[in-house]
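Residue numbers (this note's numbering), protein chains in the order written: chain F, 11 to 288; chain E, 4 to 655.
All residues carry an ideal CB built from backbone N, CA and C; glycine is no exception.
Predicted model only: the values in this text are computed from it and were never measured.
Worksheet for the structure shown next.
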Amino acid sequence: MRIIVCIKQVPDTREVRIDPVTNNLVRQGVPGMINPSDLTAFSAALKLREMYGGSITLLSMGPAQAAEELERGLSMGADRAVLLCDRRFGGADTLATSYTLSEAVRKIGYDLVLCGNEAIDGCTGQVGPMIGEWLGIPAFTYVEKVEKRGEKLLVTRAGGRFRRVYSAEMPAVVCMLNNEETSEMPDNTPPDVPKTELWDADGFDQEKIGLDGSRTRVSSISVSGRKENYLQVEPFWDLETRMDYIFSGGLTSKQTELTRGESAYLAETIVLDLKQMA
Amino acid sequence: MKYHHLFSPIRLGDVELKNRIIFLAHWTNYGHNHGYREDGLASEKLAMHYIERAKGGAGLVCVTQSVSPTGQMGRSMVNAHDPRNEETFRFMCEEIHQYGCKVFGQFNHRGHTSCMQRPPMLYAPTQMTAPHCYVNTKELEIDEMEEIKEYYVKAAVMEKQWGFDGVEIKIAHDGLLRTFISPYLNRREDRYGGSFENRMRYPLEIIRAVRDAVGPGYPIGIRLCMDEFTEWGYSWDYGVKVALELEKAGVTYINSDAGSFSNYNFEIPNNYIPMGFGVYMAAALKKALRIPVVAFGRINDPAQAEDILAEGHADMIGMCRQLICDPETPEKALEGREDQIRHCVACSEGCGLVTQQEGVVCVHNPAAGREKLLGIGTLKRVEKPKTVMVIGAGIAGMKTAEILAERGHHVTVYEKSGEAGGQMLLAERIPMRAEMSEVYRYLRVRLQHLGVPVYLNTEVDETLVERENPEVVIAATGSHPLIPEYIPEGQGMTVLDPRSVMMHPERVGRKVVLLDDIGYWQGLGTADYISALGAQVEIVTKEFYAGIDIEETCRENLYMRLGKKEAVFHASSVIAGIRENTVILRNVFSKQEELITGVDTFVAASESRSDNRLYKNLKQKGGREIYCIGDAAAPGTVLRIIFDAEELGRSI
Numbered sequence: 011m012r013i014i015v016c017i018k019q020v021p022d023t024r025e026v027r028i029d030p031v032t033n034n035l036v037r038q039g040v041p042g043m044i045n046p047s048d049l050t051a052f053s054a055a056l057k058l059r060e061m062y063g064g065s066i067t068l069l070s071m072g073p074a075q076a077a078e079e080l081e082r083g084l085s086m087g088a089d090r091a092v093l094l095c096d097r098r099f100g101g102a103d104t105l106a107t108s109y110t111l112s113e114a115v116r117k118i119g120y121d122l123v124l125c126g127n128e129a130i131d132g133c134t135g136q137v138g139p140m141i142g143e144w145l146g147i148p149a150f151t152y153v154e155k156v157e158k159r160g161e162k163l164l165v166t167r168a169g170g171r172f173r174r175v176y177s178a179e180m181p182a183v184v185c186m187l188n189n190e191e192t193s194e195m196p197d198n199t200p201p202d203v204p205k206t207e208l209w210d211a212d213g214f215d216q217e218k219i220g221l222d223g224s225r226t227r228v229s230s231i232s233v234s235g236r237k238e239n240y241l242q243v244e245p246f247w248d249l250e251t252r253m254d255y256i257f258s259g260g261l262t263s264k265q266t267e268l269t270r271g272e273s274a275y276l277a278e279t280i281v282l283d284l285k286q287m288a
Numbered sequence: 004m005k006y007h008h009l010f011s012p013i014r015l016g017d018v019e020l021k022n023r024i025i026f027l028a029h030w031t032n033y034g035h036n037h038g039y040r041e042d043g044l045a046s047e048k049l050a051m052h053y054i055e056r057a058k059g060g061a062g063l064v065c066v067t068q069s070v071s072p073t074g075q076m077g078r079s080m081v082n083a084h085d086p087r088n089e090e091t092f093r094f095m096c097e098e099i100h101q102y103g104c105k106v107f108g109q110f111n112h113r114g115h116t117s118c119m120q121r122p123p124m125l126y127a128p129t130q131m132t133a134p135h136c137y138v139n140t141k142e143l144e145i146d147e148m149e150e151i152k153e154y155y156v157k158a159a160v161m162e163k164q165w166g167f168d169g170v171e172i173k174i175a176h177d178g179l180l181r182t183f184i185s186p187y188l189n190r191r192e193d194r195y196g197g198s199f200e201n202r203m204r205y206p207l208e209i210i211r212a213v214r215d216a217v218g219p220g221y222p223i224g225i226r227l228c229m230d231e232f233t234e235w236g237y238s239w240d241y242g243v244k245v246a247l248e249l250e251k252a253g254v255t256y257i258n259s260d261a262g263s264f265s266n267y268n269f270e271i272p273n274n275y276i277p278m279g280f281g282v283y284m285a286a287a288l289k290k291a292l293r294i295p296v297v298a299f300g301r302i303n304d305p306a307q308a309e310d311i312l313a314e315g316h317a318d319m320i321g322m323c324r325q326l327i328c329d330p331e332t333p334e335k336a337l338e339g340r341e342d343q344i345r346h347c348v349a350c351s352e353g354c355g356l357v358t359q360q361e362g363v364v365c366v367h368n369p370a371a372g373r374e375k376l377l378g379i380g381t382l383k384r385v386e387k388p389k390t391v392m393v394i395g396a397g398i399a400g401m402k403t404a405e406i407l408a409e410r411g412h413h414v415t416v417y418e419k420s421g422e423a424g425g426q427m428l429l430a431e432r433i434p435m436r437a438e439m440s441e442v443y444r445y446l447r448v449r450l451q452h453l454g455v456p457v458y459l460n461t462e463v464d465e466t467l468v469e470r471e472n473p474e475v476v477i478a479a480t481g482s483h484p485l486i487p488e489y490i491p492e493g494q495g496m497t498v499l500d501p502r503s504v505m506m507h508p509e510r511v512g513r514k515v516v517l518l519d520d521i522g523y524w525q526g527l528g529t530a531d532y533i534s535a536l537g538a539q540v541e542i543v544t545k546e547f548y549a550g551i552d553i554e555e556t557c558r559e560n561l562y563m564r565l566g567k568k569e570a571v572f573h574a575s576s577v578i579a580g581i582r583e584n585t586v587i588l589r590n591v592f593s594k595q596e597e598l599i600t601g602v603d604t605f606v607a608a609s610e611s612r613s614d615n616r617l618y619k620n621l622k623q624k625g626g627r628e629i630y631c632i633g634d635a636a637a638p639g640t641v642l643r644i645i646f647d648a649e650e651l652g653r654s655i
């Protein structure tokens with residue numbers, strides 16, 4: 011089975027600081043890391059390869075420093091790593107990014123494409139399903155678990171209060187939800203670690219990549235106010251308001267009328283109410 | 004690490020705390036009181052109380068003390084300035100340091116408040132009675148203020164020598180310094196009143212004098228009342244303004260706080276007030292200040308504490324009652340045994356006794372105030388384990404089983420109903436009292452971890468005891484409620500007891516008369532439940548007021564809730580008769596009668612009787628060790644029952 015895992019280098023959010031003056035993320039000096047749900051996808055790939063054999067290729071698009079993450083992936087046991095690294099790829103939105111990645115996937119050759127469900131810096135969740143569209147193959151999002159049964163994939167999706175299990179033909183795209191347990195995978199350096207291949211933009215449709223291939227522009231970024239997970243009591247409220255607010259836990263509840271009694275009486279009341287409403 | 008923020012060190016001046024958990028200063032009433040000038044002496048009991056929390060993993064403990072002979076809140080409140088406390092305090096500090104914990108002394112002068120029933124002279128910035136009190140005050144003269152200041156300095160210097168790592172000055176709820184900063188209470192016309200600058204002058208003078216005496220690196224923290232929570236009082240914007248001045252004066256940290264004796268709800272917040280209610284005040288300080296800030300207010304759990312720190316609302320977490328209830332909270336969090344943390348249920352029933360000059364105890368930690376004999380590491384395993392059958396998985400049964408199993412006995416618990424928890428399963432249904440369920444949750448989890456089987460839906464009779472043939476039988480078979488004989492059954496009025504109300508709310512009608520003959524939660528708690536069902540409730544008691552045995556802050560909240568529902572109270576009244584749908588009351592003093600008409604339900608919250616027939620039969624038969632515990636021995640409150648169970652569990 012030829013597995014391709016798409017990986018994005020994201021800033022380590024545990025280290026991210028917010029510039030108090032500009033309210034922007036301070037990226038200088040912030041270490042990078044593999045996007046957590048991509049790591050989950052990679053861990054799923056390792057498990058599949060262990061059970062069914064095949065190869066794992068890591069694929070990423072980004073600046074040269076993203077090679078660090080691919081190298082880490084290689085040391086954890088990937089067979090091959092490709093970094094799409096060219097100024098011409100820069101400024102891509104999700105449409106251009108997914109096109110670029112899907113072309114690379116085509117060139118590498120694939121049975122299964124594994125992605126993280128979304129990146130913690132962009133949070134669009136679009137790139138994985140779009141790769142599926144470009145390739146004309148099924149794509150699964152919000153995936154908790156991926157297994158193989160015979161020649162088919164068994165994909166478990168978490169959605170709301172339900173868990174749905176799909177079976178699908180390969181090739182397919184599977185976008186994995188972050189699983190904390192896989193975020194601390196130990197390095198297991200194999201004897202011969204291959205080098206990351208750097209691919210430039212030659213051979214890609216220049217009108218579909220980078221800024222030119224993008225249909226959307228980010229017009230501004232600002233930091234949304236930190237969520238305050240506590241009751242906010244205003245000092246200018248009078249005592250009764252302050253106290254009521256604290257005692258009610260900041261919740262307002264409507265007083266509902268309760269009807270109590272024997273079941274026959276309750277049934278009668280309900281019928282009467284319904285008649286009145288009608 | 005799961006609690007990355009909570010267990011990271013923090014520096015306060017020259018002192019480094021190993022983690023962010025502070026055992027907040029609080030009255031214990033553990034000091035000795037041998038009478039005039041022989042009171043306010045530190046005791047071994049007091050030392051053990053603080054050492055226990057250091058043992059349990061807190062980063063800092065604060066020890067409340069009074070300064071100046073005119074500053075005592077109560078006769079068993081320890082005096083900070085008394086050199087006779089040296090030996091005890093040196094011992095306490097040394098022991099606390101052994102566990103990598105730090106210890107600060109918190110100093111307070113009582114000012115216009117005291118818990119003594121007939122207090123000596125009270126002092127205030129301006130002569131007036133405190134709004135919650137009837138005792139008048141003396142307006143402090145300048146030389147008296149100087150003298151009090153000297154005591155602050157003397158105490159700080161002395162305690163630094165004895166091994167204390169820092170000092171916390173209280174400008175909070177009760178106490179003289181808060182009255183100085185309060186625009187309502189301080190009406191002075193000299194340089195200590197009239198303007199913000201003048202009101203701040205006296206506290207700042209004290210801070211400066213203490214700083215000069217203890218040197219630059221020694222931590223001086225402030226416990227600051229952020230909001231007086233009264234109609235006339237200041238709110239937290241003023242609190243922040245005060246904190247900024249304190250920061251300028253070189254204070255090391257601010258420990259937030261709120262409320263006063265005039266509004267007790269936020270001073271010892273009970274379980275009507277949500278957990279973590281006070282975080283907004285710490286967050287406001289955090290935004291305004293650069294020095295560390297302590298969050299307070301019903302912070303019970305390491306996950307909650309971690310979130311407050313991670314979200315940046317505070318630098319440290321103040322826990323008081325949580326650590327009284329489970330001193331090992333920090334250790335259990337570190338070891339990943341969170342499910343075995345015994346959470347404070349904020350009932351204030353044990354620790355709230357301080358206001359009545361009693362020592363602190365805890366409803367479900369019998370070791371509180373008895374650390375030397377019941378504290379960490381005092382439970383010894385038995386050499387010859389016995390087989391024990393515990394009958395009844397109420398609180399008494401489960402607590403006894405826990406202690407016995409921990410000591411190595413082979414314990415099995417039998418419960419005739421489908422759920423373990425006993426009357427706590429009903430108590431938790433009282434509106435706003437759901438947290439009471441923690442009492443049985445903790446015990447259930449403990450029994451699980453100890454591998455004690457609990458057989459539900461299993462009624463024990465003599466045959467089963469014979470068949471299982473245990474060496475020891477514990478009868479924790481509970482009690483049943485009584486309806487007074489003079490209450491006639493039938494005649495178009497449903498007569499219920501509190502337990503059947505909680506179990507069968509559908510039987511409660513539209514107009515209810517509740518007789519509070521017990522003064523405890525079965526009375527007003529049930530009344531609150533009934534009014535929440537939408538029924539109108541009238542409460543009758545022979546006492547001066549209903550709920551006479553309910554902890555006072557909870558009682559006040561019950562009255563507020565019942566008042567909003569337009570409940571009617573008939574105090575000093577007895578039931579003279581019931582006729583069809585009319586209840587006749589008679590006033591115990593005037594003997595005048597009063598009628599309540601149109602009543603469809605009568606609830607008698609009266610005493611209970613022990614269910615101990617099985618115990619008596621087994622004891623008569625003899626042949627094995629047999630004990631009776633809990634309501635089965637004598638119906639009572641959970642505080643007494645858990646303590647009895649602990650003692651019984653240790654004695655076998």
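On the premise that V66 (chain E) lies in contact with V106 (chain E), defined as a C-beta separation below 8 Å, what is that separation, rounded to the nearest angstrom?
About 6 Å separates the two Cβ atoms, so the contact holds.
State the Cα-Cα distance for the pair L56 (chain F) and I644 (chain E), rounded to the nearest angstrom.
Computed Cα separation, rounded: 57 Å.
Counting only Cβ pairs nearer than 7 Å, list the residues of chain F close to I276 (chain E).
Those within 7 Å of I276 (chain E) in chain F are I256 and F257.
Can a CB atom of chain B be found closer than 8 Å to the CB of H8 (chain E)?
Judged by its chain identifiers, the structure shown contains no chain B, and its protein chains are F and E.
Which bits of chain E does L208 (chain F) rub up against, with CB to CB less than 7 Å?
Within chain E, no residue comes near L208 (chain F); the closest Cβ sits about 37 Å away, beyond 7 Å.
What are the boundary residues of the beta strand (DSSP E) that P484 (chain E) is part of?
Note, P484 (chain E): beta strand (DSSP E), S482 to P484.
I'd like the span of the beta strand (DSSP E) that includes E541 (chain E), first residue to last.
It spans Q539 to V543 - the beta strand (DSSP E) in which E541 (chain E) sits, taken as one unbroken run.
According to the Cβ coordinates, are G34 (chain E) and A45 (chain E) closer than 8 Å?
For G34 (chain E) and A45 (chain E), yes; Cβs fall inside 8 Å.
Enumerate in chain order the residues of its own chain whose CB-to-CB distance from V138 (chain E) is below 7 Å, with the five nearest sequence positions on each side excluded.
Excluding residues within five positions, the ones whose Cβ falls inside 7 Å are P122, L125 and T132.
Quick one: does N45 (chain F) have its CB under 8 Å from some CB of chain E?
Taking Cβ atoms only, chain E never reaches closer than 8 Å to N45 (chain F), which makes this a no.
Mind reading off the beta-carbon distance from R190 (chain E) to T129 (chain E)? Whole number of angstroms is fine, and I expect it under 8 Å.
Their Cβ separation, rounded to whole angstroms, is 4 Å, which keeps R190 (chain E) and T129 (chain E) in contact under 8 Å.
Using the DSSP secondary-structure output, state which residues sit across from L565 (chain E) in a beta bridge.
L565 (chain E) is not bridged to any residue.
Just confirm the distance between the C-beta atoms of K514 (chain E) and Q539 (chain E), as a whole number of angstroms; I'd bet it's less than 8 Å.
That pair is a contact at about 5 Å.
Residues bridged to D89 (chain F) by DSSP?
DSSP, once it has assigned bridges, lists no residue as partnering D89 (chain F).
Could you tell me whether the stretch 259-269 of chain E touches the stretch 212-232 of chain E, where touching means 3 or more Cβ pairs closer than 8 Å?
With a cut-off of 8 Å, the stretch 212-232 of chain E and the stretch 259-269 of chain E count as touching, because enough Cβ pairs lie within range.
Counting C-beta neighbours from all protein chains within 10 Å, is the total for N460 (chain E) 16 or more, i.e. buried, or is it exposed?
By the neighbour-count rule (16 or more Cβ atoms within 10 Å), N460 (chain E) is not buried but exposed.
Once DSSP output is grouped into helix, strand and coil, what is the label at G526 (chain E)?
Reduced to three states, the DSSP call for G526 (chain E) is helix.
If T110 (chain F) sits next to F214 (chain F), beta carbons under 8 Å apart, how far is it from one beta carbon to the other, in whole angstroms?
That belief holds up - the Cβ atoms of T110 (chain F) and F214 (chain F) are roughly 6 Å apart, short of 8 Å.
Taking three-plus beta-carbon pairs below 8 Å as touching, is the stretch 313-322 of chain E in contact with the stretch 284-302 of chain E?
Touching, per the Cβ criterion.
Interface residues of chain F around T233 (chain E) at Cβ under 8 Å?
Those are L249, listed as they occur along chain F.
Can you list, in chain order, the stretches of the alpha helix (DSSP H) that have 4 or more residues and sit fully within the stretch 56-121 of chain F?
Complete alpha helix (DSSP H) runs here, min 4: 77-85 and 104-118.
Give me the chain E residues within the contact set of L268 (chain F), using Cβ-Cβ distance strictly less than 8 Å, ordered along the chain.
Correct list: L536 and G537.
With W209 (chain F) as the anchor, note down where its beta strand (DSSP E) starts and where it stops.
Run containing W209 (chain F): E207 to W209, per the beta strand (DSSP E) assignment.
Along the stretch 302-313 of chain E, where does the CB come closer than 9 Å to a CB of chain F? Name the residues.
So the close ones are D310 and I311.
Taking only three categories from DSSP, how would you classify S117 (chain E)?
In the structure shown, S117 (chain E) sits in coil (DSSP, three-state: anything other than H, G, I, E or B).
In chain order, what residues of the stretch 505-516 of chain E put their CB closer than 8 Å to some CB of chain F?
Hits within the stretch, in order: P508, E509 and V511.
Can you round the beta-carbon distance between A121 (chain F) and M11 (chain F) to whole angstroms, since I take them to be within the 8 Å contact cut?
One detail in the question is off: residue 121 (chain F) reads as Asp in this sequence, not Ala. Going by Cβ atoms, the distance from D121 (chain F) to M11 (chain F) rounds to 5 Å, so yes, they are a contact pair.
Classify Q595 (chain E) as helix, strand or coil using the three-state DSSP reduction.
Reduced to three states, the DSSP call for Q595 (chain E) is coil.
Is it buried or exposed for T10 (chain F), if we count other Cβ within 10 angstroms and need 16 for buried?
The structure shown does not extend to residue 10 (chain F), since chain F is modelled only from 11 through 288, so no value can be given for it.
Could you name the residues of chain E that G271 (chain F) contacts, counting a contact when the two beta carbons are closer than 8 Å?
E509, listed in chain order.
Please list the terminal residues of the continuous beta strand (DSSP E) segment that includes T415 (chain E).
From DSSP, the beta strand (DSSP E) with T415 (chain E) extends over H413 to Y417.
Does the count of Cβ pairs from the stretch 206-222 of chain E and the stretch 156-167 of chain E closer than 8 Å reach three?
Yes, since at least three Cβ pairs between the stretch 206-222 of chain E and the stretch 156-167 of chain E fall closer than 8 Å, the two stretches touch.
Out of F:S47, F:E79, F:G64 and F:M43, state which residue places its alpha-carbon closest to the alpha-carbon of K205 (chain F).
It is F:E79.
Below 8 Å, how does it come out for the stretch 629-641 of chain E and the stretch 480-492 of chain E: are there three or more Cβ pairs, yes or no?
Contact holds: three or more Cβ-Cβ distances are below 8 Å.
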